[in-house]
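Below is one structure, written out as structure tokens, with a few remarks after it.
Protein chains in written order, with the working numbering: chain D, 39 to 470; chain W, 218 to 791.
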């Protein structure tokens, strides 16, 4: 094999926090990109995959380990690496043409060449006729085409893509993906390698030659999956579906090294558990769907995902919350309702709430903790900051905020305790 | 496909169009104006005494031109200040910790009280020249304009979307070109809005700063302000009328020729990506845009600019930002430095004031300040009772809003100190109680901020929300309490905050007024400062100014800021 385009070795990224302990975002991550490869970074939000992409782009530096591009270490944004952003990141005051030329102007190329190359890129990416339009006049799909044109016009060796299709509707995303793959396989783009960050398993299987599956908190590579499904790839193919299934299994199978946010390392969970925000409506909805025909309490995750058109970023947190609440078991890419979960589906609203409350108190230590504090206090009130401080000893402020938000909405549904946002306090009483 | 591209970039050669002629006339007019207005700036200061202000209405255009030129120069300075100070504060975390609070304090210093202090300094800079007095006037206007512009730009710089910054970094744009290509355009719409607000405030101060007298030093710079001062001294009501009319025309022209085109141009920098909003229009901008001559000039300026940008190119960003610095240490350092500066200033001031002043003086200013504070609060409350309902009713009717909104903005820009003599004349003539009736002058110019903010708030109420209240038949007091007032509340707070700050400043000009040799006076801190200025008592000027800053700062911290955050959190419609 020739020298790799990109070599990432034992990279670690952490952010120091005021209390002295640090937040590890990426832990011992290594990967290489060979010429002609599309490498996928697959994981949930919070798995550090976007952080890794920014290290490669030279927008931030690793805390430990090396990132080498064509054999040279990366310090700062490198020539030959360009990026496509999730939110497009177009300059709204520049026209399509001006947005595309921006990178070339920064390279100080002669005017004629800037013009020739920009028009060629616009032509290639299918933006003919839109040169003088402003981004706000375009649909999301056309805007992201500008994002692509702007990235490839500088003739990068490596194209970094940060969830480029996730802000688009399903149909538009599919069109853009196939257009991109067509140009790629015909070799029309001046790119040697691609790194794609995604949380969409099908997208990863459709586009990538190699898929790195990330775990969350901290971000680690838990498995590397070679994708040998022949191109052009079709979602209906057996091989395609098998690989999707395999990744689901991979992402749910390993206890203790779970890809999910909720890690069940032992029976005695502390209050330091990150709880993703999952609405009680979705919890009920998922239970009802799985309890009903044709699943009858036992379902294949990819099947539910397509049935409910949920992305893994949406489905996994719900599944894991069910597991945490002992309403379901998740293993081997399957979700199986527990007897309590099955009975939940048949109960009336008030009984559901009682069951939910019982399970919250039994299996979510933070809920039990808050309830205990409220019970013990004479006023039956406690400020939010008290619990926030406790949580922030174990997780980032954003995660602590989200965890409390989840607890508040679950406890409200279960009618365990109340929360008043005006004076940010928990209380036992409901407002009169 | 190349063809299409050619089609929209050609058209620079060829015969002049009618837009060229119009544009040329506009440019020529501006040049003539600048030349005639700047004549006499380098004259020795004695010419001011030998050529007294003429009350002939035909002399007014010349005076107005001088006044306007001062405004422009101050605006230029403010812009320069904004681009440096705000950028520094936003880019350097350490500096920002000191610079932002300083800006906050500067914002609450009453400019009118300040003029007397600065004028002597500037006169000494260019001794014996009119230039020194001009500097003092321009500096006074600058201090009325710069702070909020800097604040707005600082806010913009802090809120640029992360991905846009990353995109420009990954294209290896230098810091210089990132500033002009990303940061300035992103901040532009907010900045222009704040420039307009600054301008509105500025007219008041330019009028006040042209006729300066500190103790025995009397300077009157040729301008509308000096004209009106002369008219007051001569008890010439007709001349006051001429000045008011002239000022109205200038403000209208200013809006049409300067701000409208600017706003129309800045519309392209709006960040929200939504189509459909009605773009602001300006006939002047259209003329300039369509003129090929202007376009050619613009193009050559731009290419000169990018050549300049290239010389800065060497500093390709190698910096890896978001480096995890130990913020706690910096925090201590910055806070320590700030405390040190504050203590030093306090010590200096005390050392300057202590020999001359007693605790009784401090007590007196605090007491007078309290009186002025009561005035400001009562007036704001009165203005709110009147203008909030009016603003809501107007804002809900797009037709009415389209007519009333520009009028309210015009009235906010109009320097009300031009109207003061008329009011004082009436107070003396009808033997009214100055303690009460002079107070109204304080809010005369600033009440409009409440009105036009409430109009803006009411017109932003989503139509679904209005439909719901109609559907549920919510009417009368319930409607005001549950729908209208909460919906406009955030806007109201912004307006009332501006009005309150402006009123404090205006108190210096409003609490004591004259008509010829007759004087009327209301008790308050504003009158205290003005009297100290007239008698050239620097110790009392400083004491008065410091006390007023203290009051303004305190009220902002204890009343307006909490209210503002409360409104943002609770009532902001998204």
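C-beta atoms are modelled at their ideal positions from N, C-alpha and C, and glycine is treated no differently.
One thing to note: residue 416 of chain W has its Cβ no nearer than 9 Å to the Cβ of residue 586 of chain W.
In the three-state scheme derived from DSSP, where H, G and I count as helix and E and B as strand, residue 756 of chain W is classed as helix. Scanning the segment 588 to 630 of chain W from its first residue to its last, the whole alpha helix (DSSP H) runs of 4-plus residues come out as 615 to 630. Excluding residues up to 5 positions away in sequence, 291, 292, 295, 412, 415, 416, 418, 419 lie with their Cβ nearer than 8 Å to the Cβ of residue 362 of chain W in the same chain. One alpha carbon belongs to residue 735 of chain W, the other to residue 450 of chain W, and they sit about 10 Å apart. Contact between residue 633 of chain W and residue 670 of chain W is absent: CB atoms are separated by about 18 Å, not below the 8 Å threshold. Identification of chain D residues near residue 390 of chain W by a Cβ-Cβ cut-off of 7 Å yields 144, ordered along the chain. In its chain, beyond the 5 residues on either side, 328, 329, 374, 375, 379, 380 have a beta carbon closer than 8 Å to the beta carbon of residue 335 of chain D. Using a CB distance below 9 Å, the part of the segment 103 to 120 of chain D facing chain W consists of 113, 114, 115, 116, 117, 119, 120, ordered along the chain. Taking residue 323 of chain D as reference, the option from D:313, D:312, D:154, D:346 with the minimal CA-CA separation is D:346. Residue 399 of chain W has a beta carbon lying within less than 9 Å of a beta carbon in chain D.
Here residue 257 of chain D carries a strand assignment [DSSP, helix/strand/coil]. Here residue 690 of chain W carries a coil assignment [DSSP, helix/strand/coil].
At least one CB atom of chain W sits nearer than 9 Å to the CB of residue 123 of chain D. Annotation: residue 599 of chain W to residue 578 of chain W spans about 32 Å, alpha carbon to alpha carbon. Residues of the segment 154 to 179 of chain D with a Cβ closer than 9 Å to any Cβ of chain W, in chain order: 157, 160, 161, 166, 167, 169, 170, 172, 173, 174, 175, 176. The CB of residue 370 of chain W never comes closer than 7 Å to any CB in chain D; the least such distance is about 16 Å. Judged by beta-carbon spacing, residue 350 of chain W lies beyond the 9 Å limit of residue 286 of chain W, meaning their Cβ atoms are not closer than that value. Residues 320 of the same chain have their beta carbon placed closer than 7 Å to that of residue 368 of chain W, with the five preceding and five following residues left out of the count. Ranked by Cα distance from residue 364 of chain D, the first of D:398, D:390, D:191, D:243 is D:398. For the C-beta of residue 386 of chain W, the chain D residues within less than 9 Å are, from N- to C-terminus, 95, 96, 97, 114, 115.
At least one CB of chain W lies nearer than 9 Å to the CB of residue 140 of chain D. Between the beta-carbon of residue 399 of chain W and that of residue 377 of chain W there is about 7 Å, and that keeps the pair under the 8 Å contact cut. Nearest C-alpha to residue 201 of chain D among D:434, D:97, D:313, D:78: D:78.
Where residue 147 of chain D is concerned, there is no enclosing alpha helix (DSSP H), because DSSP gives it neither an H nor an E.
Non-local C-beta neighbours of residue 787 of chain W in its own chain, meaning closer than 6 Å and more than five positions away in sequence, are absent.
Taking each of W:682, W:732, W:647 in turn and checking the Cα distance to residue 448 of chain W, the smallest one comes out for W:732. Below 8 Å, enough C-beta pairs join the segment 199 to 219 of chain D and the segment 232 to 251 of chain D to call them touching: three or more. Residues 501 of the same chain have their beta carbon placed closer than 6 Å to that of residue 474 of chain W, with the five preceding and five following residues left out of the count. The shortest C-alpha to C-alpha distance from residue 63 of chain D to any of D:259, D:341, D:290 is the one to D:259.
In this structure, DSSP gives residue 697 of chain W a helical state, which the three-state scheme calls helix. Contact between residue 758 of chain W and residue 333 of chain W holds: CB atoms are separated by about 6 Å, below the 8 Å threshold. In this model, residue 675 of chain W and residue 784 of chain W are separated by some 15 Å (Cα to Cα). Using beta-carbon distances, residue 130 of chain D counts as an interface residue toward chain W, with a partner under 9 Å. Annotated as proximal: residue 254 of chain D and residue 81 of chain D, with beta-carbon spacing under 9 Å.
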